[in-house]
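Take a look at the structure set out below.
In this note's numbering, the protein residues as written are 55 to 339.
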């Protein structure tokens, strides 16, 4: 049984690398079909290749680069157009489903994919800025390469512990069905880490959650100053639901922290169970 259960648990939250040839073949199929929807090319943009994916929950995230001149008024039409292009050979897929900001592509077996129509907007330094479909028929700015670089820089500076911290936050989100953006969680964690000299999971997860509580789970400024504010949730109701879940999670972590100090293994595990479920290891104290 582990002396550091949180560290042991986060080590299990690693998505196995997929067969790269299979990923390449499926991406080539997606690229071919999306050409009729104006997509020039796709590029990988999300957690799967970035090191913050959660087993069983994270797909291969693609963005389909499209000329600004091709952008329709409606984000939902952009998603529908992409879905329709893929549906020309629908027999290749188990399911195609539209869900902002991407079309979800399910194959008969993993890995599965999500593709977001990404319309070129501008260039900031060495990075392309895109607009992608957002909630409530809005377009939102996205600069995935720069944000991934920012998170990786903090991770490298702090002994490769920032991405595991992100995985813990995402594992809590998925286990509890919290309607909060994974991108928001990742950038909140990296922004917190930027002011730290070391990372201790049981402390820093509590602090990240407390900072979100203190801000009333408000939209955050882009920590690298490229895009507009980054929203945590797709609706006000989801923000309230997520905020309540964050408060419960923070309280559970506080109880676990006290139980760890007093070596109360039962109370510690019960508190962590509410965050991560039965997969969380029982401590050895």
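Note that CB positions come from ideal geometry on N, CA and C, so glycine has one too. Since we're looking at a predicted model, the values are computed, not measured.
Going straight from the alpha carbon of residue i to that of residue j, what length do you get?
i, j, result
"residue 105", "residue 68", "8 Å"
"residue 332", "residue 122", "47 Å"
"residue 178", "residue 315", "48 Å"
"residue 292", "residue 57", "36 Å"
"residue 203", "residue 144", "35 Å"
"residue 279", "residue 273", "14 Å"
"residue 162", "residue 312", "46 Å"
"residue 85", "residue 94", "8 Å"
"residue 60", "residue 128", "44 Å"
"residue 72", "residue 108", "13 Å"
"residue 74", "residue 151", "24 Å"
"residue 92", "residue 276", "29 Å"
"residue 188", "residue 153", "10 Å"
"residue 227", "residue 155", "18 Å"
"residue 223", "residue 255", "10 Å"
"residue 335", "residue 139", "45 Å"
"residue 164", "residue 100", "16 Å"
"residue 246", "residue 262", "7 Å"
"residue 55", "residue 329", "The predicted position of residue 55 is uncertain, since its pLDDT is 49 and thus under 50; a value taken from the coordinates is nonetheless stated next. Taking the straight line joining both Cα atoms gives about 19 Å."
"residue 205", "residue 112", "18 Å"
"residue 214", "residue 244", "12 Å"
"residue 195", "residue 337", "43 Å"
"residue 289", "residue 190", "8 Å"
"residue 181", "residue 320", "49 Å"
State the CB to CB distance for the pair residue i and residue j, rounded to an integer number of angstroms; the pair is presumed to be in contact (CB under 8 Å).
i, j, result
"residue 176", "residue 183", "5 Å"
"residue 259", "residue 219", "6 Å"
"residue 159", "residue 172", "Not really, about 16 Å apart at Cβ, beyond 8 Å."
"residue 117", "residue 102", "Going by Cβ atoms, the distance from residue 117 to residue 102 rounds to 13 Å, so no, they are not a contact pair."
"residue 300", "residue 271", "7 Å"
"residue 339", "residue 317", "4 Å"
"residue 287", "residue 233", "6 Å"
"residue 212", "residue 136", "In fact, because the Cβ distance is near 38 Å, the residues do not count as touching under 8 Å."
For residue i, which residues does DSSP report across the bridge?
i, result
"residue 152", "157"
"residue 97", "117"
"residue 284", "274"
Tell me the start and end of each unbroken beta strand (DSSP E) in the stretch 157–214 that is at least 3 residues and wholly inside, in chain order. 167–178, 181–187 and 193–196
Is there contact between the stretch 238–248 and the stretch 262–273, where contact requires at least three CB pairs shorter than 8 Å? yes
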